[in-house]
Amino acid sequence: MGDLTNSDYYSKNQRNDGSSNHEGGFGVSVMELRELMELRGSEAVVKIQEDYGDMDGLCQRLKTSPTEGLTGDVTDLDKRKEVYGENLIPPKKPKTFLQLVWEALQDVTLIILEVAALISLGLSFYQPPGGDSGESCGTAAAGAEDEGEAEAGWIEGAAILLSVVCVVLVTAFNDWSKEKQFRGLQSRIELEQKFQVVRGAQVIQLPVADIVVGDIAQIKYGDLLPADGVLIQGNDLKIDESSLTGESDHVKKAADRDPMLLSGTHVMEGSGRMLVTAVGVNSQTGIIFTLLGAGEPGEEEKKEKKVKKQDGAAAMEMQPLKSAEGGEMEEKEKKKANVSKKEKSVLQGKLTKLAVQIGKAGLVMSAITVIILVLYFAVDNFVLQKRPWLTECTPIYVQYFVKFFIIGVTVLVVAVPEGLPLAVTISLAYSVKKMMKDNNLVRHLDACETMGNATAICSDKTGTLTTNRMTAVACYVGDVHYKEIPDPGLLSVKSLDILVNAISLNSAYTTKILPATKEGGLPMQVGNKTECGLLGLVLDLKRDYQPVRNQIPEEKLYKVYTFNSVRKSMSTVIKLPDGSFRMYSKGASEIVLKKCTKILNQEGEPRLFRPRDKDEMVKKVIEPMACDGLRTICVAYRDFPGDPEPLWDNENDILNELTAVCVVGIEDPVRPEVPSAIVRCQRAGITVRMVTGDNINTARAIAIKCGIIHPGEDFLCIDGKEFNRRIRNEKGEVEQERMDKVWPKLRVLARSSPTDKHTLVKGIIDSCLTEQRQVVAVTGDGTNDGPALKKADVGFAMGIAGTDVAKEASDIILTDDNFSSIVKAVMWGRNVYDSISKFLQFQLTVNVVAVIVAFTGACITQDSPLKAVQMLWVNLIMDTFASLALATEPPTEALLKRKPYGRNKPLISSTMTKNILGHGIYQLVIIFSLLFVGEQIFDIDSGRHAPLHSPPSEHYTIIFNTFVLMQLFNEINARKIHGERNVFDGIFRNPIFCSIVFGTFAIQIVIVQFGGKPFSCTPLDLEKWGWCTFLGLGELVWGQVIATIPNSKLRFLRGAGQLTKKNEMPGDEDMNEDNEEIDHAERELRRGQVLWFRGLNRIQTQIDVVNTFKSGSSYQGQLRRQSSTTSQNQDVTHVSSPSHVSLSNALSPTSPTGQC
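Each residue of the sequence shown is one higher than the one before, starting from 1396 at the first, in this note's numbering.
Below you can see the structure in the form of structure tokens.
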């Protein structure tokens, strides 16, 4: 822990604190408390005894009561904050707008442009000496002095600089608003974190920032401790201190052995009460941050992940490698991992690759453009016209070269899609904001987009699929099975007393049932919902639990064995007045009943409970309850003699030989909206699996109610034991091959431990059964779900029922704990992907056309028909504005009617390729026609071969205007990427899109009519505007023509789609739109994987189909075929019966077995 350095640090900073604090009226100073918190274990106990007598002494000095807490008086709280500090760690300062501007200026293309513009500016002010040398400099000077235009030479350079400033400001403003949004989101996440504190003898929930020194905090399983403190009373408390010490073992805490609790550590088991002794910068976590300097990138631990995310579009790369076990990543993944330490999200990976490829192509084109222009100029002047190189003409020649250079850079600027990161950022930020309304609090930006690719969801049952409102509806007491809660008169008084005491005392005292807030509403359940159901049973039996608790307050409980995933039960020991002990126990019925040797009969007397009675009980009571979807809880007790006192640590002996009191059936109804949400998931190609700690029968009943499984289907519902038996070898190690036989059919995993959940998620992610790697989402609420949430591609934590640890490990927090919110997240994720695809389709069309026009124009007419400033305006339309317009399309239900794209599908589908090429051809034909015969059509002067600094021509203005208007109408076409006919569908649901299209049109009119020299434009009359608009509108008509051409006719598009994945690993799929309708199993055939079917009558057709597909499949299919023959051979052995074929190798998880 670096105690020495810490102490030195305090002594420097806190010299004079002692005296001032004692003056503050408290009997202990910040300094003393900090020194106390440095100690561990028995040292700390000794120190407390020496300095303060005992814990009560320390409480007195801090003017607080160990049972009633602080009074809550405002002046007292303010004084404490003043003396001991607030529970806040000052966040790092946000970047200023100027810093963001500076960062935006670092863009390479912008730097090149700035340099070019500055050179151009400098040279335009240079007048060659001698005045008459113009003639001798040849074509270089011709027309330069026309109409006194030479002075206007500076305008082009200035205009480029101005447009660079615009781009930089827009980028910086985007980053700034994004950062602001994230801070808002972050503070919201922090405000939502509350903690239970005792004030004025009442337990209240307080925002963490309001906790002060002297508070009595109630801590329980799953809490993230918000401050340092000393344990006053604890039950079976175990803490994970790895975040501070690095030790992974859980540390046992007890008031008499090791009472020191540190902020930032996690409660893994048990419960207790602690006295807060240090908050904010004085707590152990705070001290570490102060030493690091809170302003450094090492922000507060729990903010770390979120803050890192704020770094622009690069945020997307921040996603940590999801593999906790580094060595076990797939081979393919390893290759990727070498490239960058962190695995990028699916979309980010594809985009980066695409941007690099386009950039390279642009660079080559721009270099060729510059070289051709320079050569043409040199050859024309010095070879053909045999002019000598005159020194006084050098600046003019250089000016020409600079002009060529600027044209080259312009080609590059248009080619490089720097709007991509912007589009991604806008789209994600917009989605994240909107997802808040759909109860999804996104903590990691890219999780939102990954969710669109999800192929599997492993969901909890309680609270996610069900309402998490537990009510006892049936019970078995005194040898009678009551289908509904009995009248208390029917039960023996003895049984009833034991039952009421067992439930009231053996549950967390923080669990309560409060009166309804609204008239006629249901009573409020606070705390653990299962315990609330049991307390409800006590109230239904016309008794009250509060008097029982008042009689034996929490600190009088002798020993508590808290619930955990291993015990699956909770027990509380109390000391009876005669000195003997009684232990009450409750837990999962089959587990507690195994430990019972007696049961109470009708009179409330214990009778023998033999193994065969247990079997009968399971068959006649527990299974029927479970099949109705009820969770069964058994309540039992055991008496111990006072002398000799039992060895309480010997758990196996203690939790045995119990006497069963009753079995309660608790109902947790399925949320009404869940069945339809699950149907939507299945339609969208997402497999929903239920992973629950409940009994298998209960789980199966709920799964059928939800629609996860349907009666008669061939799916697996197994419990944790059976699951482990199937996936582990003799040595107990998990084998991927065995796992691959289980997971495709698995729909319900019951009685599962957190490890099982993690194993399942890891197994599905690492599987190579399907050529698309599975993208898995997981929901979790418990502390022990942390590993599974971290391992999954997207982890959903429950906002209401979730523990702090689970929220910490998650990517998205469901603020309403509802499964249907996950479906909304899928919809938003797919929408992000589609928005980016729309933007790409639009931008690549502009890119292709602008680059070809600039390139050929420059080579044939020595001047780009589109000038640098015009290009920058086009760039602004297609980058910033288009990304805003297309990235903010709201999602529609149609998004859930297709299968997930998967990781390997090219970003540019064949339909998109068809649209890009089709529209590109139309635009090129129009522009080249205007360029070479435009002057004849419109009867105007030709703008070709214009000398340096000549005034703008009407001819080139028409070309520029038509080009922009074509882009504008093509932007409407770009709204659809799956070949839909109606491009206007839902256009008015997106006001941003409409306002941007009309806004751009208005600005274009201003530029053309009033742009003048800087924009190289000359005003056009109405007729010419009419023609330009007509040619632009042609885009919409042409779009319908393109949509009519079927993809299957354009074989070459398959290759075009491949362009985006040159260096993709073997195993990518060549999935074209026309294959999309082919069902899943059939697509597997295309990959050369063979389905082994029984039945000779089908073998012949099968072979034909396989051969056909083999001949048409991609080269990857060949590779895969070799590797898959071995697995096929193994597979033959698994044909289980003539009527049932094992499809484990060939079937993807999304297609139910019945589909073939």
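Idealized CB from N, CA, C, for every residue including glycine.
Computed from a prediction, not measured in an experiment: that's the story for all the values here.
Rank G2313, K2309 and G2381 by C-alpha distance to the C-alpha of A2289 and give the top, closest one. For the purposes of this step, residue 2289 is taken as the residue at position 894 of the sequence shown. It is G2381.
Look at the Cβ atom of G2315, then the Cβ atom of V2264, and state whether they are nearer than 8 Å. Locating residue 2315 in the sequence shown gives position 920, where the first residue counts as 1. Locating residue 2264 in the sequence shown gives position 869, where the first residue counts as 1. Taking 8 Å as the Cβ cut-off, G2315 and V2264 do not qualify as a contacting pair.
Would you give the residue range spanned by the beta strand (DSSP E) that I1852 belongs to? Here the question's residue 1852 lines up with position 457 in the sequence shown. I1852 -> beta strand (DSSP E) spans A1851 to S1854.
Measure the CB-CB distance between V1608 and T1680 and report whether it falls below 8 Å. Reading the sequence shown from its first residue, position 213 is the one you call residue 1608. Reading the sequence shown from its first residue, position 285 is the one you call residue 1680. Not in contact: V1608 and T1680 (Cβ atoms no closer than 8 Å).
Suppose the cutoff is 6 Å on Cβ atoms and the five residues either side in sequence are ignored; what does the same chain contact list for I2367 look like? As a working note, residue 2367 is residue 972 in the sequence shown. If we look at I2367 and ignore the five residues flanking it on each side, its Cβ neighbours are V2378.
Distance cutoff 8 Å, beta carbons only. Does N1630 sit that close to anything in chain B? This model lacks chain B altogether, as it is built from one protein chain only.
State yes or no: is the C-beta of I1898 within less than 8 Å of the C-beta of V1933? As a working note, residue 1898 is residue 503 in the sequence shown. As a working note, residue 1933 is residue 538 in the sequence shown. Yes; because the gap between Cβ atoms is below 8 Å, this pair is in contact.
Alpha carbon of V1565 to alpha carbon of L2279, nearest angstrom: Within the sequence shown, residue 1565 is the residue found at index 170, counting from 1. Within the sequence shown, residue 2279 is the residue found at index 884, counting from 1. The straight-line gap from Cα to Cα measures roughly 12 Å.
In the structure shown, what three-state DSSP assignment does I2398 receive? Position 1003 of the sequence shown, counted from the start, is the residue given in the question as residue 2398. In the structure shown, I2398 sits in a helix (DSSP, three-state: H, G or I).
Spatial neighbours of G2197 within its chain, please: CB distance less than 6 Å, with the 5 preceding and 5 following residues excluded, ordered by chain position. Counting from 1 along the sequence shown, the entry for residue 2197 is found at position 802. Only D2176 meet the Cβ criterion.
In its own chain, which residues sit with a C-beta less than 8 Å from the C-beta of L2319, not counting the 5 before and 5 after it? Taking the first residue of the sequence shown as 1, we reach residue 2319 at position 924. Here the set comprises V2244, I2247 and V2248.
Three-state secondary structure assigned by DSSP to K1981: Locating residue 1981 in the sequence shown gives position 586, counting from the first residue. K1981: strand per DSSP, three-state reduction.
Whole-Å CB distance - G1858 paired with D2212, under 8 Å assumed: Sequence index remark: in the sequence shown, residue 1858 carries index 463 (1-based). Sequence index remark: in the sequence shown, residue 2212 carries index 817 (1-based). Right, the Cβ-Cβ distance comes to about 5 Å (below 8 Å), so this counts as a contact.
Below 8 Å on the Cβ atoms is my guess for P2096 versus D2023; work out the distance and round it to an integer in Å. On the sequence shown, position 701 is the one that residue 2096 refers to. On the sequence shown, position 628 is the one that residue 2023 refers to. Contrary to the premise, residue 2096 reads as Ala rather than Pro in this sequence. That pair is a contact at about 6 Å.
Give me whichever residues DSSP pairs with F2323 in a beta bridge. Your numbering for residue 2323 matches position 928 in the sequence shown. Beta-bridge pairing links F2323 to no other residue.
Alpha carbon to alpha carbon, what distance is there between L1749 and A1810? Position 415 of the sequence shown holds residue 1810. Position 354 of the sequence shown holds residue 1749. Cα to Cα, the separation comes out at about 12 Å.
According to DSSP, is E1587 part of a helix, a strand, or is it coil? Counting from one through the sequence shown, the residue named residue 1587 turns up at place 192. E1587 falls in the helix class under three-state DSSP.
Below 8 Å on the Cβ atoms is my guess for A2192 versus F2237; work out the distance and round it to an integer in Å. Translated into the one-based positions of the sequence shown, residue 2192 becomes position 797. Translated into the one-based positions of the sequence shown, residue 2237 becomes position 842. Contact doesn't hold; Cβ gap of about 37 Å is too wide.
Are the CB atoms of I2103 and V2083 nearer to each other than 8 Å? Numbered from its first residue, the sequence shown carries residue 2103 at position 708. Numbered from its first residue, the sequence shown carries residue 2083 at position 688. Yes. Within cutoff.
Rounded separation between E2166 and G1847 - CA only: Within the sequence shown, the letter at position 771 stands for residue 2166. Within the sequence shown, the letter at position 452 stands for residue 1847. Looking at the two C-alpha atoms, the distance is approximately 18 Å.
Which of helix, strand or coil DSSP assigns to G1517: Numbered from its first residue, the sequence shown carries residue 1517 at position 122. Residue state, collapsed to three classes: helix.
So, for T1967: in the same chain, excluding its five sequence neighbours on each side, which residues have a beta-carbon less than 6 Å away from its beta-carbon? Counting from one through the sequence shown, the residue named residue 1967 turns up at place 572. L1900, N1901, L1952, V1955 and Y1979, listed in sequence order.
Taking contact to mean 3 or more Cβ pairs, one atom from each stretch, closer than 8 Å, check whether the stretch 1660-1676 and the stretch 1624-1632 are in contact. yes
For A1650, which option in V1759, E1477, A1762 and G1436 has the closest C-alpha, if you only look at C-alpha atoms? Within the sequence shown, the letter at position 255 stands for residue 1650. Checked all of V1759, E1477, A1762 and G1436; the closest Cα to A1650 is G1436.
Could you check if Q2362 is buried or exposed, using at least 16 other CB atoms within 10 Å of its CB as the buried criterion? By 1-based counting over the sequence shown, the position of residue 2362 is 967. Answer is buried; the Cβ neighbour count reaches 16.
In the DSSP assignment, what residue or residues form a beta bridge with A2001? Taking the sequence shown and counting its residues from 1, the one referred to as residue 2001 is at position 606. The amino acid occupying residue 2001 in the given sequence is Pro; Ala does not appear at that position. DSSP lists L1995 as partners of P2001.
Mind checking P2067: buried by the 16 CB within 10 Å criterion, or exposed? Here residue 2067 refers to the residue found at position 672 when the sequence shown is read from its first residue. Exposed, because fewer than 16 other Cβ atoms sit within 10 Å of the Cβ of P2067.
Which residue comes first and which comes last in the beta strand (DSSP E) that contains T2174? Taking the sequence shown and counting its residues from 1, the one referred to as residue 2174 is at position 779. First-last of the beta strand (DSSP E) with T2174: V2171 to G2175.
Candidates D1653, D2010, E1636 and K1589: closest to Q2591 by CA position: Within the shown structure, residues of the chain are numbered from 1396 to 2551, placing residue 2591 beyond reach of any answer.
Decide if G1526 is buried, meaning its Cβ has at least 16 other Cβ atoms within 10 Å, or exposed. If you number the sequence shown from 1, residue 1526 lands on position 131. Model confidence at G1526 stands at a pLDDT of 47, short of 50, so the residue's coordinates are unreliable and nothing is read from them.
Straight-line CA distance for C2101 to E2062? Sequence index remark: in the sequence shown, residue 2101 carries index 706 (1-based). Sequence index remark: in the sequence shown, residue 2062 carries index 667 (1-based). Cα to Cα, C2101 sits roughly 15 Å from E2062.
Going by other Cβ atoms of all chains shown within 10 Å of its Cβ, with 16 needed for buried, is K2202 buried or exposed? Locating residue 2202 in the sequence shown gives position 807, counting from the first residue. Buried, since its Cβ has 16 or more Cβ neighbours within 10 Å.
Got a sec? Which residues, its chain only, sit under 7 Å from S1887 by beta carbon, not counting five neighbours each side? Start at 1 with the first residue of the sequence shown, and residue 1887 comes out as number 492. Cβ neighbours of S1887 beyond the five flanking positions: G1873, Q1997, E1998 and G1999.
Might you give, ordered along the chain, the residues of its own chain that have their beta carbon closer than 7 Å to the beta carbon of A1756, omitting 5 neighbours on each side? Along the sequence shown, read from residue 1 onward, the residue named residue 1756 stands at position 361. Contacts found: A1810.
My understanding is that C2163 touches R2142, with C-beta atoms under 8 Å, so please give their C-beta distance in whole angstroms. Looking up residue 2163 in the sequence shown gives position 768. Looking up residue 2142 in the sequence shown gives position 747. Wrong, their Cβ atoms sit about 21 Å apart, outside the cutoff.
By how many angstroms is the C-alpha of A2204 removed from the C-alpha of T1845? Walking along the sequence shown from the start, residue 1845 turns up at place 450. Walking along the sequence shown from the start, residue 2204 turns up at place 809. Spanning the two alpha carbons is a distance of roughly 16 Å.
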